[in-house]
Amino acid sequence: MSTLTITGLHKSFGTTEVLRGVDLRVTQGSLTAVLGPSGCGKTTLLRTVAGFERPDAGQVRLGHVEVVGPRTWLPAEKRRVGVVPQEGTLFPHLDVAQNVGFGLPRRSPGRRERVQRVLDVVGLADLADRRPHELSGGQQQRVALARALAPEPEVVLLDEPFSALDAGLRAAVREDVRAALHEVGATALLVTHDQEEALSIADEVAVMRAGRVVQHGTPQTVYLRPADLDVARFVGEAVVLDARANGANRVSTLLGPLHVLGPSPGVGAGVGRVVLRPEQILIVPPGEGTPAIVERTVFHGHDSTVHLTVHPAGTRRGSPASAPIICRVQGSVPEHTEVAVRVDGPVVWYP
1119 MSTLTITGLH
1129 KSFGTTEVLR
1139 GVDLRVTQGS
1149 LTAVLGPSGC
1159 GKTTLLRTVA
1169 GFERPDAGQV
1179 RLGHVEVVGP
1189 RTWLPAEKRR
1199 VGVVPQEGTL
1209 FPHLDVAQNV
1219 GFGLPRRSPG
1229 RRERVQRVLD
1239 VVGLADLADR
1249 RPHELSGGQQ
1259 QRVALARALA
1269 PEPEVVLLDE
1279 PFSALDAGLR
1289 AAVREDVRAA
1299 LHEVGATALL
1309 VTHDQEEALS
1319 IADEVAVMRA
1329 GRVVQHGTPQ
1339 TVYLRPADLD
1349 VARFVGEAVV
1359 LDARANGANR
1369 VSTLLGPLHV
1379 LGPSPGVGAG
1389 VGRVVLRPEQ
1399 ILIVPPGEGT
1409 PAIVERTVFH
1419 GHDSTVHLTV
1429 HPAGTRRGSP
1439 ASAPIICRVQ
1449 GSVPEHTEVA
1459 VRVDGPVVWY
1469 P
């Protein structure tokens, strides 16, 4: 496996510019998720790396080998890139072992052993003789991954491979896929629009918007220190509050004085906005925080989302100064209950 390096990639379809100078580096043996809304260019990026689309400009390198460049265009079949599509697209007339071994030369030494090895990796060694119609959706996706890994590619590309699975199955299969990729030391690029998926299984996350990578870092960094308000709103739920800087990384807000995750440019004077996550907002007994009313509680099973209307000191319910807030709690909170809220931990400031 090799490091994947993408530099200054541009691609247009007619007058529509889809990729606008994409830079991205996927370290050898790591899994990077490219996260973004529909139309941001993430699938075009994957297809360009695979060799299915030819860019207008830019460079793609697999290790020290340039596969795309000003004077270079290596065809897809010569790139040693494995692709796992949205749906397994297995050959229905072939059994599991034959599907996995399809991309291997028929007379190559060790072919059978290689097929068995990758089936062991994805946990399907005992299903080698099954046909695709005899498998569950999750098993079919693991066969597709085994097929991509069998030729020992330089990089594995995964195009929203879990989107067709039921929600309950999706989490288990993506953990299986992550474990399999790490076991063989694969360099992998996953394209997804699912924030939970990207944050939970990737070593690094690259957020795309309008044809550019606007932030690239660990899942913790992208979630806790989003590059801008749009990233904050897209990657998980965000509560955005107007704020006035008080200096020394402190701001005044509707929820009282808050500490800013520093160092933060512009926290010294003026006004701006802060972002905090719903899990940072704690419901406490009246009198122990900012007064609030529970307007609605949405039960999810593992927790609940509570919609609150907050009333700063000196205002009453229904006054124009009130503002909507959401938080997450274990269990449930009755609607129309009078409570108080306080913020746990620092917030992120944007001038």
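Sequential numbering from 1119 applies to the sequence shown in my numbering.
The beta carbon of each residue, even a glycine, is placed where N, CA and C say it ideally should be.
When the options are compared against residue i, the one with the closest alpha-carbon
i: residue 1184; options: 1120, 1243, 1452 and 1170; result: 1120
i: residue 1413; options: 1456, 1264 and 1224; result: 1456
i: residue 1442; options: 1228, 1423 and 1379; result: 1423
i: residue 1307; options: 1126, 1131, 1128 and 1165; result: 1165
i: residue 1188; options: 1326, 1364, 1174 and 1266; result: 1174
i: residue 1405; options: 1372, 1356 and 1458; result: 1458
i: residue 1426; options: 1409, 1419 and 1420; result: 1409
i: residue 1228; options: 1352, 1269 and 1252; result: 1269
i: residue 1242; options: 1411, 1207 and 1291; result: 1291
i: residue 1251; options: 1236, 1279, 1208 and 1287; result: 1208
i: residue 1452; options: 1415, 1325, 1419 and 1444; result: 1415
i: residue 1343; options: 1122, 1465 and 1168; result: 1465
i: residue 1469; options: 1378, 1421, 1428 and 1444; result: 1378
i: residue 1142; options: 1132, 1176 and 1130; result: 1176
i: residue 1448; options: 1151, 1428, 1417 and 1338; result: 1417
i: residue 1428; options: 1257, 1444, 1152 and 1419; result: 1444
Helix, strand or coil at residue i according to DSSP, with G and I counted as helix
i: residue 1277; result: strand
i: residue 1251; result: helix
i: residue 1187; result: strand
i: residue 1461; result: strand
i: residue 1454; result: coil
i: residue 1367; result: coil
i: residue 1436; result: Only weak support exists for where residue 1436 lies, its pLDDT of 49 falling under 50; the coordinates are left without a value.
i: residue 1339; result: helix
i: residue 1182; result: coil
i: residue 1220; result: helix
i: residue 1202; result: strand
i: residue 1333; result: strand
i: residue 1145; result: coil
i: residue 1396; result: helix
i: residue 1295; result: helix
i: residue 1211; result: coil
i: residue 1166; result: helix
i: residue 1354; result: coil
i: residue 1377; result: strand
i: residue 1408; result: strand
i: residue 1240; result: coil
i: residue 1306; result: strand
i: residue 1327; result: strand
i: residue 1119; result: coil
i: residue 1246; result: coil
i: residue 1288; result: helix
i: residue 1314; result: helix
Proximity below 7 Å, CB of residue i to CB of residue j
i: residue 1205; j: residue 1282; result: yes
i: residue 1144; j: residue 1159; result: no
i: residue 1201; j: residue 1275; result: yes
i: residue 1335; j: residue 1398; result: no
i: residue 1360; j: residue 1330; result: no
i: residue 1199; j: residue 1124; result: no
i: residue 1161; j: residue 1309; result: yes
i: residue 1323; j: residue 1302; result: no
i: residue 1249; j: residue 1213; result: yes
i: residue 1373; j: residue 1461; result: yes
i: residue 1203; j: residue 1284; result: no
i: residue 1394; j: residue 1357; result: yes
i: residue 1396; j: residue 1446; result: yes
i: residue 1180; j: residue 1272; result: yes
i: residue 1139; j: residue 1154; result: no
i: residue 1236; j: residue 1287; result: no
i: residue 1362; j: residue 1389; result: yes
i: residue 1122; j: residue 1305; result: yes
i: residue 1264; j: residue 1215; result: no
Beta-bridge partners of residue i, as assigned by DSSP
i: residue 1270; result: Answer is none; residue 1270 lacks a bridge partner.
i: residue 1468; result: 1391
i: residue 1442; result: 1427
i: residue 1322; result: 1150
i: residue 1129; result: 1137
i: residue 1417; result: 1422
i: residue 1177; result: 1125
i: residue 1447; result: 1422
i: residue 1362; result: 1370 and 1389
i: residue 1349; result: For residue 1349, which the question treats as bridged, DSSP gives no partner whatsoever.
i: residue 1402; result: 1458
Heavy atom of the ligand PLP within 6 Å of residue i beta-carbon
i: residue 1327; result: This structure simply doesn't include the ligand PLP, nor any ligand for that matter.
Please confirm if the region 1313-1329 is in contact with the region 1286-1296, defined as three or more CB-CB distances below 8 Å between the two stretches. Touching, yes, given that three or more Cβ pairs across the two stretches are closer than 8 Å.
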